[in-house]
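Quick notes on the structure that follows.
2 protein chains.
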Amino acid sequence: MKLYDYLPSGNGYKVRLLLSWLGEDYEYQEINIHKGETHSPEFLAFNPSGQIPVLDIGDGRHLAESNAILFYLALGTDYLPTDAFAQGEVLRWMFFEQYKHEPAIAVARFIKIYAPERKKELPPLMKKGYIALDIMEAHLATRDYFVSDSLSIADISLYGYTHVADAGGFDMKPYKAIKKWMRRVKARPNYIKITTIPT
Amino acid sequence: MKLYDYLPSGNGYKVRLLLSWLGEDYEYQEINIHKGETHSPEFLAFNPSGQIPVLDIGDGRHLAESNAILFYLALGTDYLPTDAFAQGEVLRWMFFEQYKHEPAIAVARFIKIYAPERKKELPPLMKKGYIALDIMEAHLATRDYFVSDSLSIADISLYGYTHVADAGGFDMKPYKAIKKWMRRVKARPNYIKITTIPT
Chain A
1 MKLYDYLPSG NGYKVRLLLS WLGEDYEYQE INIHKGETHS PEFLAFNPSG QIPVLDIGDG
61 RHLAESNAIL FYLALGTDYL PTDAFAQGEV LRWMFFEQYK HEPAIAVARF IKIYAPERKK
121 ELPPLMKKGY IALDIMEAHL ATRDYFVSDS LSIADISLYG YTHVADAGGF DMKPYKAIKK
181 WMRRVKARPN YIKITTIPT
Chain B
200 MKLYDYLPSG NGYKVRLLLS WLGEDYEYQE INIHKGETHS PEFLAFNPSG QIPVLDIGDG
260 RHLAESNAIL FYLALGTDYL PTDAFAQGEV LRWMFFEQYK HEPAIAVARF IKIYAPERKK
320 ELPPLMKKGY IALDIMEAHL ATRDYFVSDS LSIADISLYG YTHVADAGGF DMKPYKAIKK
380 WMRRVKARPN YIKITTIPT
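Here the protein sequences line up with chains A and B, keeping their order. So the first sequence is residues 1 to 199, counted in our numbering. So the second sequence is residues 200 to 398, counted in our numbering.
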């Protein structure tokens with residue numbers, strides 16, 4: 001397998017973290033999103049949306065969308081429950097992540113780090129991001145993981161940008177259940193940091 | 200099963216359309232999004248995101264997020280391929296739909312119909328929506344359906360708001376492959392219109 005990715009990306013990190021936990025070997029190719037490399041004709045042939053990560057599954061077929069890659073890799077492993085309703089719930093949280101969470105929290109982090117000239121976009125993003133965090137906090141108040149009793153790709157998906165939300169300006173102090181959950185995720189063997197490629 | 204939904208919603212329609220094709224009976228409960236009914240304490244207990252559709256799967260458990268509901272209902276049916284990579288691809292298009300397509304095309308339609316005072320938000324939404332339509336058009340130029348040779352929940356997901364994109368102000372004339380695909384979807388037995396509950 002070969003992963004096209006950009007190290008600071010939370011979307012790419014989700015895939016790297018699962019690959020580390022699965023113990024999968026893969027090639028890594030850096031695609032610099034700041035140098036237009038996601039919009040080269042070669043890259044657009046893999047993913048016309050012009051976004052990393054993209055996974056070459058090993059036979060020349062490519063899969064885009066971080067959460068779709070997580071699902072593909074997790075099928076048949078402990079990271080995806082087998083029960084139909086539980087699979088639906090895993091997807092429910094992953095769609096929540098891409099609709100309510102990432103567009104606010106990841107974009108705020110991007111603006112803070114790379115695009116300070118766009119800072120007037122921040123107030124509605126902060127408001128939206130705190131709503132997402134509140135929903136996560138309430139859910140985790142009575143649970144260790146998002147779905148069922150063990151860590152699934154729903155947790156990996158939401159962890160990706162939540163654990164760096166402070167870099168987007170979010171005050172995580174009130175989010176006690178989220179912080180306990182993040183410590184739980186981080187304590188697992190073979191955990192890697194966001195800018196790390198497993199070796 | 201019981202579906203909490205609002206008839207003009209494309210997200211709810213996706214679920215109604217699949218249920219019609221599956222021949223499933225279900226109760227229907229209207230939740231009027233304009234009267235704050237998605238933010239009542241009762242509704243928020245089913246989905247803290249405050250959005251329809253929500254499906255009571257029949258035993259009191261509730262599933263939110265239109266595409267997660269589609270996946271849950273399609274498991275084990277002809278609307279979801281069994282091959283792992285094909286399932287990944289179905290999800291890839293459904294995540295594309297919720298990230299690149301719905302936030303532009305559905306929101307433009309909402310503003311045009313219900314919130315004309317927000318019309319200054321339209322130009323970036325139109326730009327983003329046309330990018331999504333261009334990606335769909337290029338993909339469909341050589342295929343009848345989004346994944347594999349038959350209709351899947353990826354098609355249902357993307358059809359939901361694409362077939363009413365004109366109500367959002369999108370000029371669909373140049374999108375010849377999308378229009379052929381829409382006619383293909385519409386021609387199937389037991390097709391229902393967006394504001395219809397199957398009987």
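Yeah, the Cβ is synthetic: ideal placement off N, Cα and C, and Gly gets one too. These numbers come from a predicted model, not from an experiment.
| said: Can you tell me whether B:Ala-283 is helix, strand or coil according to DSSP? | reply: helix
| How would you write the range of the beta strand (DSSP E) that A:Tyr-4 sits in, first residue to last? | 2-5
| said: Check whether chain A comes within 8 Å of B:Gly-367, counting only Cβ atoms and requiring the distance to be less than that. | reply: no
| If the cut is a Cβ gap below 7 Å, which residues of chain B does A:Ser-49 touch? | Phe-295, Lys-299, Ile-334
| task | Answer yes if the stretch 298-317 of chain B comes into contact with the stretch 274-284 of chain B, meaning at least three C-beta pairs across the two stretches below 8 Å, and no otherwise. | result | no
| message | Could you check whether A:His-163 and A:Ala-132 sit closer than 8 Å to each other, using their CB atoms as the reference points? | response | no
| message | Classify B:Arg-382: buried if its beta carbon has 16 or more other beta carbons within 10 angstroms, exposed otherwise. | response | exposed
| said: Rounded to whole angstroms, what is the Cα-Cα separation between A:Ser-20 and A:Ile-192? | reply: 7 Å
| message | Let's test the definition: count the other Cβ atoms within 10 Å of the Cβ of B:Thr-237 and tell me whether it reaches 16, buried, or not, exposed. | response | buried
| field | 7 Å Cβ cut-off: residues of chain B touching A:Asp-57 | value | In the sequence as displayed, the identity of residue 57 of chain A is Ile instead of Asp. What A:Ile-57 touches in chain B: Phe-284.
| Test: B:Leu-202 CB closer than 8 Å to a CB of chain A | no
| request: Would you mind sorting B:Asn-389 into buried or exposed? The rule is 16 or more other CB atoms within 10 Å of its CB. | output: exposed
| Rounded separation between A:Ala-115 and A:Tyr-161 - CA only | 17 Å
| query | Since A:His-62 is in the beta strand (DSSP E), which residue starts that stretch and which ends it? | reply | 62-64
| Proximal residues of chain A, C-beta to C-beta of B:Leu-274 below 9 Å | Ala-84, Gln-87, Gly-88
| query | Looking at C-alpha atoms only, which residue of A:Ile-69, A:Gly-50, A:Ser-49, A:Pro-48 is the closest neighbour of A:Asp-56? | reply | A:Ile-69
| task | Indicate the three-state DSSP secondary structure (helix, strand or coil) for A:Asp-166 in the structure shown. | result | helix
| is_contact[B:Phe-270, chain A] using C-beta, thresh 8 Å | yes
| message | Distance cutoff 8 Å, beta carbons only. Does A:Glu-24 sit that close to anything in chain B? | response | no
| said: I'd like to know if B:Glu-316 contacts chain A, where contact means its C-beta is closer than 8 Å to some C-beta of that chain. | reply: no
| task | Assign A:Ser-150 to one of two classes, buried (16 or more other C-beta atoms within 10 Å of its C-beta) or exposed (fewer than that). | result | exposed
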